[in-house]
Structures are given as structure tokens and as C-alpha cells.
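Only one structure is covered here, and it is reproduced in the block below.
Chains as they are written, first to last, in this note's numbering: chain A, 1 to 296; chain B, 297 to 592; chain C, 593 to 888; chain D, 889 to 1184.
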């Protein structure tokens, strides 16, 4: 069991071969990530097409991640279901397979009923029954439900809620949450374009989609921050932004997978309904890698 | 196997006792619905808290629905997963358990990638591999992804896409879709407040949450329309609106369940994260039933 | 002074020649509209590019409308400003120039502060100080602020609030508002695709953008409804939908103006930032007119 | 004529006495601001209730601002109208009255027509005809129309577009814009909660609503950044966040005005439809000022 500590976490992709889960390809990727300075891995996240996997596939992926991850690398597992009951059940099965922590989105199907009271009750119950620490996952652009800072502050006091991943890109959330949150609450940046400013404002690290493609650059950015080399850090952050925007907004998961293919990892195709990248998208990924000095 | 025909379908609730699926209560409800003039039942819909059930529970519920439904009543099963692969797999398992048709939402997690092309490809694949007819389920207020009329028209030409349930409340969708859709395409109204005007514009019927609580009133509204008694129909439609608004917007599923409890069905509590109705909500449901002349 | 009565109102365009207000062209259009069965005209609406006119231009346009309108045709003037003070001032100047009623949008710049209480206070003050009757104008797709039915019901009791134009397309609003509103409250449909179903549910008429281009067809649709020829009415309504969608959604005001040019009215170009219709848009308008049997 | 240079700009409120523009109160406020280290003033912004003022009031306010501002303090005037024509006209009148630059929002009424092409054409025309430099004003939470980074980059090349104020709070915008923008393009942060991280990423300064209430703290935050005292800067930034959130989100302009009243400026009431702060809001403002060590 590894503790979730400060640092850079890569949000891993899930490899498929003809839409079938390819655990061997996944293991090869992780073994290569093990040679980087990443603090750990997030599996079953938005980058990992978690919503496309069923329970059995989810379990096999987490077991493989645990087995492939080098010692000292935490494995954080996305574990979101709409009901508290099935969320808890999934978390605890994944815990039994080696997950060190769970990343849980707010339920969001019944949007108009997801009041602050309902979300509070949900997260407290899930955290109370989970056997591993829970991280809240705020990604309103996908869920349509925001975890407001005031709620995050309240939930930070729960002994089994360890932190929050914020993919909203709104650093005001961090600024409203961190000073009031329980000591030790880990605020992790999920939007690669604001990783450095997030660190500057007190974030403990990041869970980054682009770290699946360029882990060394992400780790270096973090290290430049730790070394107080802010001018170089700023330059690297700005250089990474166009790449990050393509991977997480304009082109999405198919572009991350294509970048992996180019860089010698296994990327492959996403599951339907995600479409594979078209020729223009592939060209763009190649060009963006080139601008980062990588074999484009 | 029952054909999905014109008429009123009740969107059924899923009974829980202490958050455990209570199939016996479900059967009792269906047996009572069998005495109404409903054309059939939708299970695993938004009213049915489908997003809170796992695959095994979903299968047991559909099997029970099939077994409990009187002859001639179609059983339409919600069968939405984010991936085409698991959607098809679920549909075909539910088909084997007696579902007559499947109701499928557009995938919506990767909102920005759900282009018209991606949605078209998804629905065509699902319909092509499904063993029972597929109905498209448009409910953008919950999914954040709209099925545009132009896409619905294209999909209507697929031999295994039988129709569309529109819960958006925007009758312009119907007006833009129906005249251009393939002959026989069944347009079902999912927003109870516009059931009658939808029928007037050519809808084949409705899948109504309020029909779980007041099936006879909904069937009567449909019959008044068929009998061309439009003045009475309009009055009944308008009388049903405040009740429908409470059940589907302001109070939601917990209110439907509470209404069922009052009316002698089994309602019970929703699963977490939905909160049970508070005292004010319970009072409101009772009062709205009273206004409809029902035992409030 | 003309009373606003039941019927079809055309939302008029504002003609420009090289971006300068062309009152002579406006008068020629109105004189031709006078030969139709329209109940009256709305000037300074969304179709009229009201947001592009300053106070002086607005006043000249209303004066010209009054002078050009045949006896018995009401002139309703859009009169929206963000502040109550300037809204009242504008309404009363337009009243002095002959406007029979004012159409007022909810203020919407400070969206998060436009609570029900703030909107209620705004509309009550405006109506209380206005010298002509006020119609509420609900068009949330443009303003981002919805006038909820419960608020409309409350406001309907104000002696100087005569009705509401609903361009949202959501007939549930009508169904929630009309039965509870004060007697005589005029509910006018602003979304041409649901004009007929709106009438069927109790609307008093419509304020329609497409009526600027095809007034006779809109008047005929209304008459078919009044004559209880619902089958023919439904067919005409459905036939009008694609044209209406192009004019109000996909192509917008520039398409209305282009249709006018084709049909022998003066259309002309919109003011910047609206762009003139491109070749594909022009072709589409011509084809849609052709489908309606008009000289395309 | 003052150049717009790097630094902190206060977004000024517009004083009213019984809803009438109170220029004497405005002058007294500015004279006190002159004793601070502010780089200049923004009048007719969102904080200034610009949407509630007519043209004549707008002109008098800018003239007064010019006359009251100490030498070296730039006066930036909000100058947004929906049409290019009236925007240009207003800008040039305000220029004649002493405005050093204009802050222009994208037109946003015809949301669906405000394509990138339409916005580009609008801003290029406005900038081309304006006699003073133009700043783009991105505030999608109020307008519903975002100025995308790619558009901002294109517009940055126009010789009379001097910069952009971004109130979205999304620093990814800055990171996507600045590295690609024309040299010298001034990126000004409009969201007080991310002022410091914005500076760290290359922003030239800020236009801050809270600077109307606490100019010295905002100037000090900027100075700490310039002096590379990042730890103290971070602490001050975090301390300012709850106050900023109340002023710009939860309570809005009425809270800014109430804070001014407490701090010895003239605040007063907003114009209708903004409601004055209720007792709970007033208590909250007082308490937040107390937490900043100010006479609460």
C-alpha cells in the first residue's frame, strides 16, 4: 500500500485491441512510466475511458496496474458510480486489488437534485464506508455538476477524504478551498494548463492527462517549481499549453492515444462512441510534439 | 414478444427496501398497472433510477417486468451505457429476458466529442447489433447532449431504430423530425406537460413518469384526444401540469415514489444520492393529488 | 390607440441602407403588410435588431410604424433597457409616439443577481410607471435569464401587465402559466414552430418572425385553428417548420431579410456584427420558400 | 492623454443618489483613489453598472473621471454597444472627453450568430475606426459569449487593439493567448481571485473590482509580486479571495458599494433591477473587511 503523496500523477489511458481490453499493452506502458519520476498513476479516469469499462474490466485493470507499478508509485483508481451503494462496493473491490485511493466524481444524472446537501451526504457515506482514502473529482465540464469550494471545505474535514482533483481550470476554486480546508488536504490540479500557477498557489501536485504522453516534461515542470526556478518553469508551462489543450479539449482522448503511438507507447484506438483521430488531428498531434522537441 | 404500439407507457419506478431491490413490490405494482389501459411499461428509465442499478439488478428487474406484465403490454427497457460495446451487450441480455425494445440515451460523458458523426456512428452500430428494436432517448436536461432533429431524421431510416422518446419538452423537435422521418417512426412524448399538444402534432404516444402515479388519467387524456374531444382533453392536460412539474422537475423521483405510497402502490425511498422527500415536499404531493381529485 | 387583441403579429425587420436606418423602406414594407390579416406589428424586437439601434433611431422607427400602420393594427414596441429607470423612460417616449404596448425583456447582464425577487420588483416598477400596457418577453436563449411560470403568474395580476410573449419554445411554460394567470392575460407564442400547439393549449396568438416574410400563411394557420380545421392546420404548421427554423435558429435575422428581398419587400443587410447571408444560406432560403410554394 | 501601462486598475462604481448620477460623490471617490498607487481607473465597467447608464450619463461620467484623475492615471472607459456602428460612435465621443482607452465586450445578444468570423469582423472594424486603443473584454459569465484564445491571438495583431481584460477566471486562456499574441499585447486579469497566478504567468496587471474597495491591498499584492516576495504575495492573494468572491460572485455590485460606504468612500445603492444588500449581506461584507484588518 502506497501513500498518495505530493507530485505528478499520470492519468493513464486504457489500451484496447479491436475494442478488447489489452492488459499486456497496458503493462508495457506502465513499465516504461516506472522509469520516470512520476509519483504514481491514475487508472479509470476520464483519460482512461473509465465510463466505457464494465466492472470486471475495471477490476482487471486495477489489478494489473498494481502489479505493474514500481514500488513507491501510488495507484489511484477512478471509482465513480451514480449510486452511493455501488460506488462503495466498487471502491472496496478495487481496494482489495491494490488501489491505494479512489477518485470519485459527484453523481450527476439527476442534476437538479444534486443539491449541496445531497452531495455532502453522498460523499460522506462513500468515504465512511470506503476502505481506502477518497479523493473528490471535480470536472464540471463533463458532469454538469460542480463541487463548490464551500462543500469541498466541509468534506475536507472527513477523516477518509484525502483531497480533491480539480479539472475545472478555475484556480479560484483552489484559492477558496485551500486556506479553509483541513490541514493535509491534498489539492491536485487536473487541468494541465494551470499546473504551475496551481502549484504556486498551494496545490500538492497534479493528475495530468498529458503526463501519460510526456511524463518527463511534467515531472521537470514540477521540479523547476520545487527548485524555485520560476522563470524556466513558466516557460515550460507555457510551452506545454497548446499540447495540453489539444489533448484535453479540442481533440481529446483519441489524441492522447495517438501521441502515445508516436512516442513508442501503446496508444491504439478508443472505444466507440469516441472516434479515432482523423488525418488533420493526427497531423496536429505530430506537429505539437515537434514543437516540444519530441520525435513528432 | 409484444410490439411497441401507439399509446401511453408508464415509466416505472424501481422499488427498494432499505436500498435493496424489492422485486415483490415491483410485481405488485405491475399487477395493478395491468388493470389500466396502459400500452406498456418502461423499466430502467430516468424514473426507474436506472443509473443506480448494476447489470445484475437491471436484468432481474426486466425479467420480473416481463413475467408480471399482462399479455399485450410491451416492456421497453432502458439500456444505456457509455460505450457501444456494453450498450449492445446489455440490450441483448435484456432482450433474452423478455424486453420488447430498448431505450438508449446518447453517450454524454465526453460531451465535446459527441459530434453528430460520433452519435450517428454510435446509434447505427448499437441498432445494427441489437436483437430488439431501439428507441432513441433524448433528455438533454440530464445528459447535456441533445439529439438534434436532423440526426433523428437520419437515424429514423435505420431498419432497427423504431422511434424516439423526447423528454426535452421542445415540440419544435417533433415538428422538425416527424415530417422528414421514415414512415412508421414512433415519436413518443416524454414530457408530460406537452403530451396533448404532442399528440396533436403527430406523436404516437407518450412515455410518462406521471403515468406511474396516475395511469388512468393519462390513458383518459389519450382517449379524449383519440375521440377528438379536444376541449376536455385540453382541460385535463392543463390540470395535470402542476402535478407533472412537481414529479419531473421541482421534486423529482422521490415525489413520484411518495405519490405511489399515497395511492396504494409501493413507492418507498430512492437510493442515495437522491434524498427522500422532506415534509414540505410530502405536503405538496398530497395537495397536488387532492387537486386532481385523488385521495391526497 | 389600438388595443392588443388576439391574432398574429409580425415581428418586423428594421431596414438599413449602408447601415443607416431607411424609414422609407420600412414604410413601404408596412404598407404592404397592411393588406394582410395581421393583427398588428412588433417593432424593435429581436427580429428588428433593436439592440443595434440607439434611442433616437428607436423613436423614429416607432413613429413611422404608427404613421404607416393601418387603422386597427396595434403597434407593439420592444422597449428593453437594463435599468428600470431607462426602460420606463423609453417606454413612455415610445408611447408618446404612438406605441400601443411595450414588450420588455428581463434585465440579464447581472445574471446571478436576477433572482425572482429582483425580476418581480423590476417588472412591477416598470409596469407601474409605464403609460401603456407592458408585455413580458421571455427569450432565454438570447438573454440567459428565464421568466419562470410562477413569476409570470404573479406578474399577471399587475393591472398594467397585459401578457407575455414566450419565445422559449417550451409549451410547458404556457401550461404552467395560463391556468393560474389572471383572467385576460394574453399569452403570445414567439416560437413559430409551436404556434399551432400553443393556440390549442390556449395561447391568444403569436408574435412571429416568419410572419414578416409569410404573413398570409401565418394568418391562414391561425384561421384554420379558429375554424377548427385541425388537420389542415397541422399540415400547414408542419410545412412551416423548416422555414421557421432557418429564420430563427440556423440562419437568423440575415435570412429573414434575404427572404424579404426575394419576396418583394425590402430586406437588405443587417448591421454589424451580424454578417450578411453567405451563398449557401441564400440558396437555402430560396429553396425553403420554394417548398412553401412561394417564388423562390 | 495617458498610456495604459502595467499595474493595477480599479474598476470604479458609479454613485447614485436616489438613482440619479451623483458626479460630486464620484469625484470625491476618485480624489481619494488618487492617493493610492493605482495605475488608473476603469469607468463604465461591470462594476460601474454601465449597462444602467444612457449615453449622456456615460459621457458625463467619463468627463468627470478625466477631470478628477491625477496626472499619470489612465482612464479606461467601458464602451460596449451591440452594434459596431454605435460602439465606434460611443468610443470616439468618450475619447473626446478624455478616455485613454476603450474596453469593449463582444456583442452577445444574437449568441448563435456570434461566430469567430463575426466577432473578428466586429472587433477589427471597431478598432479600425476608434480614435483610442481598444481592449477586448472577455466576461462570458455575463455575456454568454466567450472570446476564444485563438481569436484573441488574431486580434492582438491589429495595431489598435492594445490588450484584453479576462474576467473568466480561466488562466488557461492567458496561457493559450500570451505566448502567441503580438508583442506588447497587454493581458489584464479581471478575476481578483487569480490576480497573482495571472501575474506569475505573464499578465501585465489587473482590472479589479475589489480594487475599488481595497486599492492599497491590491497595489501591495502587485508590488510583492514585482519584488519577487512570492510567499507573502501568495498569502495576501489567498486572504483576499473570500472578499473578492463576495464582491464579484455571491453578492455582487451592491456589496462593493456597501464596502465603500463602510470604508469612507461613497457607495450608495445600485440602480434597479439590482437590489440593495440585505441585512445578512451587509453583515457578511463587514465581517470580510474585518478579516482583512479593515474597519469592519
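A virtual CB, placed ideally from N, CA and C, is assigned to each residue, including glycine.
With 16 other CB atoms within 10 Å as the buried threshold, where does residue 629 of chain C fall? For the purposes of this step, residue 629 of chain C is taken as the residue at position 37 of the third chain. Per the 10 Å Cβ criterion, exposed.
Meets three-Cβ-pair contact criterion under 8 angstroms: the segment 702-716 of chain C and the segment 605-625 of chain C: no
Report yes or no: is there a C-beta of chain D within less than 9 angstroms of the C-beta of residue 714 of chain C? Stepping through the third chain from its first residue, residue 714 of chain C is reached at position 122. Chain D, which has a Cβ nearer than 9 angstroms to the Cβ of residue 714 of chain C, makes this yes.
Near-chain B residues of the segment 768-785 of chain C - C-beta to any C-beta below 9 angstroms: 768, 770, 771, 772, 783, 784 and 785
Report yes if the C-beta of residue 1169 of chain D is less than 8 angstroms from at least one heavy atom of the ligand COA; otherwise report no. With respect to the ligand COA, the structure shown offers nothing to examine, as it has no ligands at all.
Cβ neighbours of residue 659 of chain C in the same chain (closer than 8 angstroms, five flanking residues each side left out): The residue labelled residue 659 of chain C in the question sits at position 67 within the third chain. Answer for residue 659 of chain C: 619 and 690, listed in chain order.
Any chain C beta carbon closer than 9 angstroms to residue 533 of chain B: Counting from one through the second chain, the residue named residue 533 of chain B turns up at place 237. Closer than 9 angstroms to some Cβ of chain C, the Cβ of residue 533 of chain B qualifies, so yes.
Which residue's Cα is closest to the Cα of residue 858 of chain C: C:600, C:716, C:763 and C:615? Translated into the one-based positions of the third chain, residue 858 of chain C becomes position 266. The option with the nearest alpha carbon to residue 858 of chain C is C:615.
For residue 831 of chain C, tell me which candidate among B:475, B:529, B:580 and B:591 has the shortest Cα-Cα distance. Counting from 1 along the third chain, the entry for residue 831 of chain C is found at position 239. Per the Cα distances, B:475.
Taking the alpha carbon of residue 786 of chain C as the reference point, which residue from B:494, B:305, B:461 and B:541 has its own alpha carbon closest? Your numbering for residue 786 of chain C matches position 194 in the third chain. The option with the nearest alpha carbon to residue 786 of chain C is B:494.
Tell me, please, whether the segment 970-981 of chain D touches the segment 806-820 of chain C by the rule of three or more beta-carbon pairs shorter than 8 angstroms. no
Is the Cβ-Cβ distance between residue 155 of chain A and residue 166 of chain A less than 9 angstroms? Position 155 of the first chain, counted from the start, is the residue given in the question as residue 155 of chain A. Position 166 of the first chain, counted from the start, is the residue given in the question as residue 166 of chain A. Contact: no.
In whole angstroms, give me the CA-to-CA distance for residue 441 of chain B and residue 108 of chain A. In the second chain, the residue the question calls residue 441 of chain B occupies position 145. In the first chain, the residue the question calls residue 108 of chain A occupies position 108. So the alpha carbons of these two residues sit roughly 13 angstroms apart.
So which of D:1013, D:983 and D:1025 has the shortest CA-CA distance to residue 993 of chain D? Here the question's residue 993 of chain D lines up with position 105 in the fourth chain. Measuring from the Cα of residue 993 of chain D, the nearest candidate turns out to be D:1025.
Relative to the alpha-carbon of residue 725 of chain C, which residue among C:753, C:718 and C:744 has its alpha-carbon at the smallest distance? The count along the third chain starts at 1 and reaches residue 725 of chain C at position 133. Residue C:753 is the option with its Cα nearest to residue 725 of chain C.
Buried or exposed: where does residue 938 of chain D fall if 16 or more other Cβ atoms within 10 Å of its Cβ makes it buried? On the fourth chain, residue 938 of chain D is found 50 positions in, with the first residue counted as 1. Flag for residue 938 of chain D reads buried.
Let me know the secondary structure DSSP gives residue 734 of chain C once reduced to three states. Taking the first residue of the third chain as position 1, residue 734 of chain C is located at position 142. Here residue 734 of chain C sits in helix by DSSP.
My parser needs the alpha helix (DSSP H) runs of 4 or more residues fully inside the segment 338-384 of chain B; what are they? 351-364
Take residue 388 of chain B and list the residues in its own chain whose beta-carbon comes closer than 6 angstroms to its own, dropping the five residues that flank it on each side. The count along the second chain starts at 1 and reaches residue 388 of chain B at position 92. The answer, listed in chain order, is 427.
So with CB distances below 8 angstroms, who are the chain C contacts of residue 496 of chain B? Position 200 of the second chain, counting from 1, holds the residue named residue 496 of chain B. Those within 8 angstroms of residue 496 of chain B in chain C are 788, 789, 792, 822 and 826.
Under 6 angstroms Cβ to Cβ from residue 853 of chain C, same chain only, skipping five residues before and after it: list those, please. Along the third chain, read from residue 1 onward, the residue named residue 853 of chain C stands at position 261. These residues qualify, in order along the chain: 859.
For residue 1054 of chain D, which three-state DSSP category applies? Residue mapping note: residue 1054 of chain D aligns to position 166 of the fourth chain, counting from 1. If DSSP states are grouped into helix, strand and coil, residue 1054 of chain D belongs with the strands.
Quick one: give me the first and last residue of the alpha helix (DSSP H) that residue 449 of chain B is part of. Taking the first residue of the second chain as 1, we reach residue 449 of chain B at position 153. Where residue 449 of chain B is concerned, the enclosing alpha helix (DSSP H) stretches over 445-451.
Any idea if residue 35 of chain A is buried or exposed, counting beta-carbon neighbours within 10 angstroms, 16 or more meaning buried? Indexing the first chain from 1 puts residue 35 of chain A at position 35. Exposed, since its Cβ has fewer than 16 Cβ neighbours within 10 Å.
DSSP three-state assignment for residue 625 of chain C, whether helix, strand or coil: Here the question's residue 625 of chain C lines up with position 33 in the third chain. Helix at residue 625 of chain C.
Just the Cα atoms here: how many angstroms apart are residue 968 of chain D and residue 983 of chain D? In the fourth chain, residue 968 of chain D corresponds to position 80, counting from 1. In the fourth chain, residue 983 of chain D corresponds to position 95, counting from 1. When rounded, the distance between both Cα atoms is 14 angstroms.
Taking Cβ positions, are residue 978 of chain D and residue 1023 of chain D nearer each other than 9 angstroms? Residue numbering aside, residue 978 of chain D sits at position 90 when the fourth chain is read from its first letter. Residue numbering aside, residue 1023 of chain D sits at position 135 when the fourth chain is read from its first letter. No, Cβ-Cβ distance for residue 978 of chain D and residue 1023 of chain D is not below 9 angstroms.
Return the bridge partner residues of residue 336 of chain B from the DSSP annotation. Stepping through the second chain from its first residue, residue 336 of chain B is reached at position 40. Per DSSP, B:305 and B:370.
Judging by CA-CA distance, which residue of D:1046, D:1058 and D:1016 is the nearest neighbour of residue 1029 of chain D? Position 141 of the fourth chain, counting from 1, holds the residue named residue 1029 of chain D. Ranking the options by Cα distance to residue 1029 of chain D, first place goes to D:1058.
Comparing alpha-carbon positions, which option in A:292, A:122 and A:2 lies nearest residue 217 of chain A? Reading the first chain from its first residue, position 217 is the one you call residue 217 of chain A. Measuring from the Cα of residue 217 of chain A, the nearest candidate turns out to be A:292.
Measure from the C-beta of residue 1004 of chain D to each C-beta in chain C and report whether the shortest distance is under 9 angstroms. Against the fourth chain, residue 1004 of chain D aligns to sequence position 116. Cβ-Cβ to chain C under 9 angstroms: no for residue 1004 of chain D.
Pick from B:454, B:509, B:328 and B:506 that is closest to residue 366 of chain B, judged by C-alpha positions: Locating residue 366 of chain B in the second chain gives position 70, counting from the first residue. Nearest of B:454, B:509, B:328 and B:506 to residue 366 of chain B, Cα basis: B:328.
Can you pull out the residues from the segment 433-444 of chain B whose beta carbon lies closer than 9 angstroms to at least one beta carbon of chain A? 437, 438, 439 and 440
For residue 1183 of chain D, would you say it is in contact with chain C, using Cβ-to-Cβ distances shorter than 9 angstroms as the test? In the fourth chain, counting from the first residue as 1, residue 1183 of chain D sits at position 295. Not closer than 9 angstroms to any Cβ of chain C, the Cβ of residue 1183 of chain D fails to qualify, so no.
Closest to residue 414 of chain B by C-alpha separation, out of B:529, B:508 and B:447, would be which residue? Reading the second chain from its first residue, position 118 is the one you call residue 414 of chain B. Among B:529, B:508 and B:447, the Cα nearest to that of residue 414 of chain B belongs to B:447.
Does the Cβ-Cβ distance between residue 600 of chain C and residue 800 of chain C come in under 9 angstroms? Taking the first residue of the third chain as position 1, residue 600 of chain C is located at position 8. Taking the first residue of the third chain as position 1, residue 800 of chain C is located at position 208. Contact flag set, yes.
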